[in-house]
Amino acid sequence: MNIAEFIPTLIVAFGIAFVLEVIIGFFGEARRKVRNIERKVEKGAKRVVRFLAILFIVFFILYYGI
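Going left to right, the sequence shown walks through residues 3 to 68 as my numbering numbers them.
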């Protein structure tokens, strides 16, 4: 694994994952209102986990060409 190939792929994967997360988050926000801080924290944690999952999947698709 050459680091020169790894970094640009990671940056592109991060960008794609961020755009997908924003789109998913936008539709999620439009459907329901968050009423208390506890739900906001829980939702934030879910958003981070979902973002990392999307990043992981996109990175492997780009890096290994699946």
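Beta carbons are placed, not taken as given, at the ideal position from N, Cα and C, and that holds for glycine.
6 Å CB neighbourhood of residue i in its chain, flanking five on each side removed
i          : result
residue 49 : none
residue 43 : none
Whole-angstrom distance between residue j and residue i, CA atom to CA atom
i          : j          : result
residue 23 : residue 51 : 11 Å
residue 57 : residue 29 : 19 Å
residue 26 : residue 10 : 24 Å
residue 41 : residue 4  : 42 Å
residue 12 : residue 47 : 22 Å
residue 8  : residue 66 : 11 Å
Residue i vs residue j beta-carbon contact at 8 Å
i          : j          : result
residue 19 : residue 60 : yes
residue 21 : residue 64 : no
Own chain, CB closer than 7 Å to residue i, minus 5 neighbours either side, in chain order
i          : result
residue 53 : 19 and 23
residue 16 : 57
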